[in-house]
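**Student:** Below: one structure in structure tokens.
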Amino acid sequence: IYMAQINYPDAYLVLMREVMKDDYGTWLAAQDAPLFRVVRLNMTKITEEAFLAEFPDVLRLSYYPGFLYRMPDYVTSLGNHPYHHAGCFYIQEPSASLPVEALTLRTGDRVLDACAAPGGKSTQILSELDGSGFLLSNEIDAQRNRTLRFNLQRFGDDNLMVTQNDTSVIGPSLQDYFDKILVDAPCSGTGMFRKDPGGIAYFSQKNIDHCVRMQHDILENVYPALKTNGILVYSTCTFTLDENENQIRSFIDRHPDMIIETYPFSIGRPGIGDAQDEIHKCRRVTLLEGGEGHFICRMRKTGSTFSSHIAMMKQSRNPLVQTLLDQWLDVKVPFYELNNHVYLSRHPMPTPDNIRITQIGVHLGTVVKGRIDPDHAFALSKIARDHFIPKVDVPLDQIIAYLRGETLSIPNLRGYVLITYRHQPIGFAKGDGSILKNHFPKGIRSFQKFSEKDK
Numbered sequence: 213i214y215m216a217q218i219n220y221p222d223a224y225l226v227l228m229r230e231v232m233k234d235d236y237g238t239w240l241a242a243q244d245a246p247l248f249r250v251v252r253l254n255m256t257k258i259t260e261e262a263f264l265a266e267f268p269d270v271l272r273l274s275y276y277p278g279f280l281y282r283m284p285d286y287v288t289s290l291g292n293h294p295y296h297h298a299g300c301f302y303i304q305e306p307s308a309s310l311p312v313e314a315l316t317l318r319t320g321d322r323v324l325d326a327c328a329a330p331g332g333k334s335t336q337i338l339s340e341l342d343g344s345g346f347l348l349s350n351e352i353d354a355q356r357n358r359t360l361r362f363n364l365q366r367f368g369d370d371n372l373m374v375t376q377n378d379t380s381v382i383g384p385s386l387q388d389y390f391d392k393i394l395v396d397a398p399c400s401g402t403g404m405f406r407k408d409p410g411g412i413a414y415f416s417q418k419n420i421d422h423c424v425r426m427q428h429d430i431l432e433n434v435y436p437a438l439k440t441n442g443i444l445v446y447s448t449c450t451f452t453l454d455e456n457e458n459q460i461r462s463f464i465d466r467h468p469d470m471i472i473e474t475y476p477f478s479i480g481r482p483g484i485g486d487a488q489d490e491i492h493k494c495r496r497v498t499l500l501e502g503g504e505g506h507f508i509c510r511m512r513k514t515g516s517t518f519s520s521h522i523a524m525m526k527q528s529r530n531p532l533v534q535t536l537l538d539q540w541l542d543v544k545v546p547f548y549e550l551n552n553h554v555y556l557s558r559h560p561m562p563t564p565d566n567i568r569i570t571q572i573g574v575h576l577g578t579v580v581k582g583r584i585d586p587d588h589a590f591a592l593s594k595i596a597r598d599h600f601i602p603k604v605d606v607p608l609d610q611i612i613a614y615l616r617g618e619t620l621s622i623p624n625l626r627g628y629v630l631i632t633y634r635h636q637p638i639g640f641a642k643g644d645g646s647i648l649k650n651h652f653p654k655g656i657r658s659f660q661k662f663s664e665k666d667k
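Everything in the sequence shown is counted per the numbering used here, starting at 213 for the first residue and increasing by one.
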């Protein structure tokens, strides 16, 4: 996509002239730069060495924190690659990784991702927690909540809960509970116009004002859930001052115990304000810093918050489920039941009032007529990777056939089998002693090659 093909509104160019100041001409000329694809490595599933062995021509974005790689042009369909299906990497716009980096996550942190869909930042949080702590990943929209769960299941972690709530119920239900909160707020999206020109049609002051009201409410709603000395990171993918610096000024005016802290990395440019304004500690990332467009503000809570008692969820003792788990896993794993769905988690799970839960840890499956068929999410889990028996590691030609939905001619196996590629879980098959029948979900089967080199 090039500037010549995009008809930017005059009001947007006026905004960008104000935002970019002396760099406006350089920014405008940079619109001609081609878009490129970047992946973020999930270091809890794959090593950098193994990734580079599969993709030797990638370029690491060394000016960004974390493990971000620009992919070569010959990789035509990253979503079809078995490593993508296995959750070894996430396709992400580079500057979108910065808000999570601003959280400076620590082992054992309890984290809230308040506006989590489609899931890129939640998967990044899980990677950095590396199996410790707890993530509550919230998305109010039902369709986007399903997308969120689909993306989270590929990463295979069990220290999370997914909820579908207005943020107005989260603060009162989980007061003083979280060490870190991310508000990646719904916004007018002006930072993504080059990547998604379709968003230009929605650019208006009315839409900006609507977003400002939503952002105001979300910040107010989650504030009580943050612990004393906790970190709140607010981010958008837009350039407007009302949704960024002005929104933060308004929030801090209402909550003077929230102080802006310096962004922990040097990338980007300061927030827009007077020379002595604390808003300078916020960061704006534009095309000139190697991203499309993000605003990030890191704040710390210095005041005290009333702490409410939060009950913990009771583990299930269903003997049917336990019998199956004893067949499938070589360790005991706690499990929970919710509306006939069975979930696995080795972590204590809160059960706050008035919260609608759509996922707890890893979805094992659904109880139907006295049996459980294992869910695809269970196959991708780290629990299954480390403890499921039996597993079959297959070469590239067979994994391509498996991803297309084909039967595998592998004898001497009966019952459910975990199919892996280079020891990364891809999905289940079911053996009858002579072949393995394919149980890879029909809706995500891959019928295209994922590289011009067919690699």
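Ideal Cβ positions, reconstructed from N, Cα and C, are used throughout, including at glycine.
None of these values were measured; they are calculated from a predicted model.
1) Inspect the beta-carbon positions of Q527 and V374 and report whether they are closer than 7 angstroms.
2) Quick check for students: name the residue ranges of the alpha helix (DSSP H) that lie wholly in the segment 290 to 322, counting only runs of 4 or more.
3) So, using beta-carbon positions, are A242 and L630 closer together than 7 angstroms?
4) List the DSSP bridge partners of T238.
5) Are there 16 or more other CB atoms within 10 angstroms of the CB of I510, so buried, or fewer, so exposed?
6) Please determine, among R597, A437, V445, the residue with the shortest C-alpha to C-alpha distance to S519.
7) In chain order, what residues of the same chain lie with their CB nearer than 7 angstroms to the CB of F390, ignoring the 5 residues before and after it?
8) Looking at V574 and D370, is the spacing between their C-beta atoms short of 7 angstroms?
9) Return the Cβ separation of V312 and R282 in integer angstroms, given the expectation that the two are a contact with Cβ distance under 8 angstroms.
10) According to DSSP, is T375 helix, strand or coil?
11) Run through DSSP, which three-state label would R495 get?
12) Would you kindly check if the distance between the Cβ of S400 and the Cβ of T450 is under 7 angstroms?
13) Alpha helix (DSSP H) containing C423: first to last residue?
14) Compare the beta carbon distance of S349 and A326 with 7 angstroms and say whether it is the shorter of the two.
15) Could you pull the start and end residues of the alpha helix (DSSP H) that M525 belongs to?
16) Should E504 and I484 be called a contact, given that it needs their Cβ atoms to be closer than 7 angstroms?
17) Expressed to the nearest angstrom, what Euclidean distance is found between the alpha-carbon atoms of K418 and I430?
18) Could you give the DSSP three-state label for A216: helix, strand or coil?
19) What residue does the alpha helix (DSSP H) around S334 start on, and which one ends it?
20) Our contact map puts Q636 next to A265 with C-beta atoms below 8 angstroms; I'd like the distance itself, whole angstroms only.
21) Quick check on N254: does DSSP put it in helix, strand or coil?
22) Roughly how far, in whole angstroms, is the beta-carbon of N566 from the beta-carbon of S339, given that I think they are within contact range, below 8 angstroms?
23) Between which two residues does the beta strand (DSSP E) holding M470 run?
24) Threshold first: 4 residues or longer. Then list the alpha helix (DSSP H) segments lying entirely within the segment 521 to 591, N to C.
25) Could you spell out the range, first to last residue, of the alpha helix (DSSP H) harbouring T359?
26) Please list, in chain order, all residues of the same chain as I332 whose beta carbon is under 7 angstroms from its beta carbon, the five residues on each side excluded.
27) What do you reckon, are the CB atoms on I491 and L310 nearer than 7 angstroms?
28) If contact is defined by three or more beta carbon pairs under 8 angstroms, each pair taking one atom from either stretch, is the segment 613 to 620 in contact with the segment 583 to 596?
29) May I ask you to report which of helix, strand or coil DSSP gives Q636?
**Tutor:** Quick look at the numbers:
1) No, the Cβ-Cβ distance between Q527 and V374 is not below 7 angstroms.
2) Scanning the segment 290 to 322 from its first residue to its last, the whole alpha helix (DSSP H) runs of 4-plus residues come out as 294 to 297, 310 to 314.
3) No, the pair does not count as a contact, with Cβ atoms beyond the cut-off.
4) Bridge partners of T238: none, in fact.
5) Looking at the sequence provided, one finds Arg at residue 510 rather than Ile. Per the 10 Å Cβ criterion, buried.
6) Answer by Cα proximity: A437.
7) Correct list, in chain order: R322, V323, L324, A437, L438, K439, G442.
8) Yes, the pair counts as a contact, with Cβ atoms nearer than the cut-off.
9) Actually they do not touch by this definition, with Cβ atoms about 19 angstroms apart.
10) Correct three-state label for T375: strand.
11) In the structure shown, R495 sits in a strand (DSSP, three-state: E or B).
12) Yes.
13) Segment 417 to 434, the alpha helix (DSSP H) holding C423.
14) Cβ distance not < 7 angstroms, so S349 and A326 don't count as in contact.
15) Unbroken run through M525: none, as it is neither H nor E.
16) Result no, Cβ atoms of E504 and I484 do not sit closer than 7 angstroms.
17) Roughly 19 angstroms between the two C-alpha positions.
18) Any reading at A216 needs caution, since the residue's pLDDT is 46, under 50, leaving its predicted position unreliable; the model's value is listed next. A216: helix per DSSP, three-state reduction.
19) If you look at S334, you'll find it in the alpha helix (DSSP H) that goes 332 to 341.
20) Between A265 and Q636 the Cβ distance is about 13 angstroms, and since that is not below 8 angstroms, they are no contact.
21) In the structure shown, N254 sits in coil (DSSP, three-state: anything other than H, G, I, E or B).
22) Contact doesn't hold; Cβ gap of about 30 angstroms is too wide.
23) Here the beta strand (DSSP E) through M470 covers 470 to 473.
24) For the segment 521 to 591, whole alpha helix (DSSP H) runs of length 4 or above, ordered along the chain, are 531 to 540.
25) Start and end: 354 to 367.
26) Going by the sequence as given, residue 332 is Gly instead of Ile. The beta carbon of G332 lies closer than 7 angstroms to those of Y302, Q304, A308 in the same chain, with the five residues before and after it left out.
27) Not closer than 7 angstroms, so no.
28) Using a Cβ-Cβ distance cut-off of 8 angstroms, the segment 583 to 596 and the segment 613 to 620 are not in contact, since fewer than three pairs of beta carbons, one from each stretch, lie closer than that value.
29) Three-state DSSP puts Q636 in a strand.
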